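K.L.:
Using our numbering, read the sequence shown as starting at 492 and increasing by one per residue. Got a structure for you, questions after.
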Amino acid sequence: MKIPSVEKFSRDLATETVESVRSASVAKVDARSNALKIAFDDLEGARTQAAQIKDYVLDNLPNLLPQLELKCRLNGIEVHWAKNASSARKTILEICKAAAPEGGSIVKAKSMATEEIHLNKHLIKNGYEVVETDLGEYVVQIDDDTPSHIVTPIIHKNRKQVAKSFEREGLGPYTEVPSELAMQARHHLREKFREAKIGISGVNFAVAESGRIVLVENEGNNRLSTTAPDVHIAVMGLEKVLPSETDLPLFLRLLAGSATGQQMTTYIHMISGPRRKDEMDGPKEVHLVILDNGRSKVLNGPYKEILRCIRCGACLNVCPVYRQASGHAYNNVYSGPLGAVLGPALEGVEKLPDLAKASTLCGSCEEVCPVKIPIPRMLLQLREEANRKGLVKEMIPWSMFSVGSTSGFRWRLGLKMLPLAPIAKHPAKSGWEEFKDLPTKEGRDFRKWWNGRS
Ligand code: SF4
C-alpha cells in the first residue's frame with residue numbers, strides 16, 4: 492500500500508513533538524479568536540475586503556509592480572528582479588560580494604522567501620557567516636534543523652530542548668526560564684549585529700503607491716538586522732505588493748490577530764530607503780529583490796487564489812492533520828494547508844503529489860483564513876489533477892471497495908464474507924486497526940427482508 496508521506500511521517504513522530512505542536516497550536520487558535528473579536532466589529536466584512544484587495548493585486552500586478560519599482564527607486568531603494576531561486580541567490584551574492592568582498596557576518600531576520608530559495612547554504616558556501624537572529628530561527632540554525640511553522644519555526648520543540656541546545660552551544664548555564672534563555676540569545680546575537688556589514692530580511696508588504704517596505708515583528712531583531720549593517724537586502728515574493736498605504740491598517744490588524752493573537756505586533760517597520768544625509772543611522776544601501784520563482788505560472792492557473800496568502804499561519808494552527816503530523820511531514824518549506832496547496836502549485840504536482848491528501852477537508856483552514864482562500868476546494872482540484880496524471884494510486888481499501896461495490900454479485904459475495912474480515916490478515920488493514928475496530932454485522936439482513944416482504 493502506498494502511504495502518503497505526511498501520514499507515514501506522523502506515525503513515526505515522537506509523542507513529545509506531537510504534544511509541543513498540539514499545545515502551541517491550540518493556544519494560538521484561542522488567541523486568534525479573542526484578538527480578532529476585539530479588533531473588528533465586522534470580521535467577515537474585513538476578511539472579504541482583504542480578499543478583494545488581494546484579488547485586485549493579483550489581477551493588476553503588471554501595473555503595480557512597475558509602480559513599486561519606480562517609487563522604490565525614487566526613494567533610493569535598488570530593485571532587482573529574480574525569475575527563479577538560482578537567479579535570486581546569484582543577485583544576493585553579488586550584492587554581498589560588493590559590500591563585503593572578503594566575506595564576514597550577515598545577520599538575517601526571519602523570511603520564508605529566503606527559506607524558499609535556500610539562501611543560507613549558498614551564502615555560507617561562498618564564505619559568509621549567516622546568523623539567523625529571530626529566536627526560533629536561531630534555534631533551528633544551531634540545531635541544524637528546518638522550520639516547521641511559517642510563524643513559529645520551533646513549534647515542534649519544547650523549552651527543555653531549547654535549553655539543552657543553548658547549553659551545548661555555550662550560550663550560558665542550563666536554564667528553562669524563557670526570559671533567561673532570551674537574554675542568553677540576546678547577549679550572543681548583539682555582537683553579531685555589531686559585526687555584520689549586511690542584513691537580510693523578508694517583506695510583509697510593499698506599497699506600490701509609496702515605494703515603502705513594511706515589516707512586522709515582535710523581537711526587535713528585524714529592526715537591528717535592517718538598520719545596523721551598512722547594507723540591507725529585502726527579499727519578497729511578487730505577490731506581497733499592496734496598492735496603497737490606506738490598505739495597510741486592515742492588513743496589519745488581520746495579520747497580527749491571525750498570526751500571533753495580538754491587536755498589533757510590537758514593531759512595525761516602514762522602510763522608505765537608505766539613510767538620508769541628515770540621519771545618524773540606518774543602512775547606506777537598501778536592495779529589494781522581487782522573486783517570481785513559479786508565481787507567474789500560478790497566477791495563470793487554477794490555484795491563483797493561494798497567492799492571496801499573507802503568511803499568518805492560522806490555517807496551520809487549526810488543521811487537525813498539521814497538529815498530528817507537524818510541519819516537517821510536508822517535506823516542503825511551506826507546510827500545513829497553505830503548503831499542501833502552495834508547494835505543488837509552485838513546484839508542480841508531479842513533485843509533491845501526496846500533499847493534497849494531507850487534509851481531512853474539514854474546512855477549518857478556509858474559515859480562519861484572513862483573506863478567505865478556498866483551500867479545501869483547491870486541495871480537491873490538486874487531488875483530481877494528481878489522479879488524472881496517474882501520480883497517485885488510490886489506497887487499497889478504496890480500490891477494493893470500488894471493485895466490490897460496482898457489481899451485484901461481488902457485493903453479495905463480499906457481504907457473505909464480512910464475518911471473516913476481523914480475522915483476515917491483509918496489509919491494507921495495518922494502521923487502520925491501530926485506531927479503529929472493524930465493524931461486525933448486526934441486525935436483520937436487508938436483502939432477505941426485501942425479498943420476503945409480502
Ligand atoms: S492560507 Fe490564509 S490562513 Fe493560511 S497562512 Fe495564508 S493567509 Fe494565513
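For glycine and all other residues, C-beta sits at the position ideal for the given N, C-alpha and C. It should be emphasised that the depicted structure is a prediction, and the values quoted were computed from it without experimental measurement.
How many angstroms separate the CA atom of S735 from the CA atom of L743?
P.N.:
Here residue 735 refers to the residue found at position 244 when the sequence shown is read from its first residue. Here residue 743 refers to the residue found at position 252 when the sequence shown is read from its first residue. S735 and L743: Cα-Cα distance of roughly 13 Å.
K.L.:
So what's H678 in DSSP terms, helix, strand or just coil?
P.N.:
As a working note, residue 678 is residue 187 in the sequence shown. Of the three classes helix, strand and coil, the one that applies to H678 here is helix, per DSSP.
K.L.:
Count the other CB atoms within 10 Å of the CB of V726; is the residue buried (16 or more) or exposed (fewer)?
P.N.:
Position 235 of the sequence shown, counted from the first residue, corresponds to residue 726. With 16 or more Cβ atoms within 10 Å of its Cβ, V726 is classed as buried.
K.L.:
Considering only residues of the region 540 to 574, which uninterrupted alpha helix (DSSP H) runs meet the minimum length of 4 residues and lie entirely inside it, listed in chain order?
P.N.:
Complete alpha helix (DSSP H) runs here, min 4: 552 to 565.
K.L.:
Residues bridged to Y619 by DSSP?
P.N.:
Position 128 of the sequence shown holds residue 619. Per DSSP, G595.
K.L.:
Specify the secondary structure class of I646 as computed by DSSP and reduced to three states.
P.N.:
Residue mapping note: residue 646 aligns to position 155 of the sequence shown, counting from 1. DSSP places I646 in coil when its eight states are reduced to three.
K.L.:
Tell me whether P828 counts as near the ligand SF4, meaning its Cβ is closer than 8 Å to at least one heavy atom of that ligand.
P.N.:
Residue 828 sits at position 337 when you count from the first residue of the sequence shown. P828 Cβ: within cutoff of the ligand SF4.
K.L.:
Which partner residues of V732 appear in the DSSP bridge assignment?
P.N.:
The sequence position of residue 732 within the sequence shown is 241, counting from 1. Paired residue(s): A697.
K.L.:
Please classify M771: does DSSP put it in a helix, a strand, or coil?
P.N.:
For the purposes of this step, residue 771 is taken as the residue at position 280 of the sequence shown. Reduced to three states, the DSSP call for M771 is coil.
K.L.:
Just to confirm, are N822 and L843 a CB contact at a threshold of 9 Å?
P.N.:
Counted from its first residue, the sequence shown places residue 822 at position 331. Counted from its first residue, the sequence shown places residue 843 at position 352. Yes, these two residues count as a Cβ contact at 9 Å.
K.L.:
Shorter than 8 Å, the distance from the beta carbon of V862 to the closest heavy atom of the ligand NAP, or not?
P.N.:
Here the bound small molecules are the ligand SF4; the ligand NAP is not part of this structure.
K.L.:
Got a sec? Which residues, its chain only, sit under 6 Å from L837 by beta carbon, not counting five neighbours each side?
P.N.:
Taking the first residue of the sequence shown as 1, we reach residue 837 at position 346. So the list reads G785, once near-sequence residues are dropped.
K.L.:
Whole angstroms is fine: what's the gap from V894's alpha carbon to R901's?
P.N.:
Counting from 1 along the sequence shown, the entry for residue 894 is found at position 403. Counting from 1 along the sequence shown, the entry for residue 901 is found at position 410. The straight-line gap from Cα to Cα measures roughly 8 Å.
K.L.:
Identify which residue in L549, A522, A541 has its Cα closest to the Cα of S787.
P.N.:
Walking along the sequence shown from the start, residue 787 turns up at place 296. Out of L549, A522, A541, L549 has the C-alpha closest to the C-alpha of S787.
K.L.:
Closer than 6 Å by C-beta to R874: which residues in its own chain qualify, once you throw out the five before and the five after it? Chain order, please.
P.N.:
Against the sequence shown, residue 874 aligns to sequence position 383. Cβ neighbours of R874 beyond the five flanking positions: A847.
K.L.:
I want to know whether the region 751 to 766 touches the region 573 to 580 - three or more CB-CB distances under 8 Å.
P.N.:
Judged by Cβ distances under 8 Å, the region 751 to 766 makes no contact with the region 573 to 580, as fewer than three pairs qualify.
K.L.:
Take P557 as the anchor and find which of W889, K863, S701, G934 has the nearest alpha-carbon.
P.N.:
As a working mapping, residue 557 is identified with position 66 in the sequence shown. Nearest C-alpha to P557: S701.
K.L.:
What does the alpha-carbon distance come out to for the pair G881 and A831?
P.N.:
Locating residue 881 in the sequence shown gives position 390, counting from the first residue. Locating residue 831 in the sequence shown gives position 340, counting from the first residue. If I take the Cα positions, the gap works out to 18 Å.
K.L.:
Can you give me the Cβ contacts of G663 inside the same chain, cut-off strictly under 7 Å, excluding the 5 residues immediately before and after it?
P.N.:
Stepping through the sequence shown from its first residue, residue 663 is reached at position 172. Excluding sequence neighbours, G663 sits near F657, Q675.
K.L.:
Can you give me the C-alpha to C-alpha distance between E507 and A515, rounded to a whole angstrom?
P.N.:
Here residue 507 refers to the residue found at position 16 of the sequence shown. Here residue 515 refers to the residue found at position 24 of the sequence shown. Taking the straight line from one Cα to the other gives about 12 Å.
K.L.:
Pop quiz: A590 and I689 are said to be a contact at Cβ under 8 Å. What is the actual Cβ separation, rounded to whole angstroms?
P.N.:
By 1-based counting over the sequence shown, the position of residue 590 is 99. By 1-based counting over the sequence shown, the position of residue 689 is 198. Right, the Cβ-Cβ distance comes to about 5 Å (below 8 Å), so this counts as a contact.
K.L.:
Check the C-beta distance from L833 over to Q540 and give it rounded, since I have them as a contact under 8 Å.
P.N.:
Position 342 of the sequence shown, counting from 1, holds the residue named residue 833. Position 49 of the sequence shown, counting from 1, holds the residue named residue 540. No, L833 and Q540 are not in contact; Cβ-Cβ is about 23 Å, not under 8 Å.
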